[in-house]
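Residue numbers (numbering that gives the first Met the number 0): 0 to 107. Glycine is no exception: its CB is placed at the ideal position from the N, C-alpha and C atoms.
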Amino acid sequence: MRARYRVAAVSASLALAGGGAVGVAAPASASEGAAPSLSCDAWRYERGSDGHGASITCYGSSFTGYAVCHQPDGYLYLRFGNRARSGGTSTVWCGRNAEVTDAGAIRS
């Protein structure tokens, strides 16, 4: 249960750092007009010769993928992937021996 709390805390922190744009557009004021929405496909688990990661494809604006990585000793950390344009894919890699527990994207 503690790991789920950490994942939720990391996700919430990410939402605040990204201006509330984890997977959806942040609300815009009436004078600014509507901000472009961010719509993402489900993230995919990736396996590589040096570890595990995640990839995500989103539409609507440029974005950066993120992954919450979990080491065997229980340590959780956050990694960011490449910045991609609408319709592109951002790929994130965790360190050696770590697994992806959650992933998503933030508008950038």
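query, result
"Beta-carbon contacts of residue 57 that lie in its chain and below 6 Å, excluding the five residues immediately before and after", "37, 39, 104"
"Local conformation of residue 95 per DSSP, three classes", "coil"
"DSSP beta-bridge partners of residue 64", "104"
"Which of helix, strand or coil DSSP assigns to residue 59", "coil"
"Residue 23 in three-state terms, based on DSSP", "Confidence is the limiting factor: at residue 23 the pLDDT is only 40, short of 50, which leaves the residue's position unreliable and the question unanswerable from this model."
"Expected contact under 8 Å - CB spacing of residue 69 and residue 75 to nearest Å", "5 Å"
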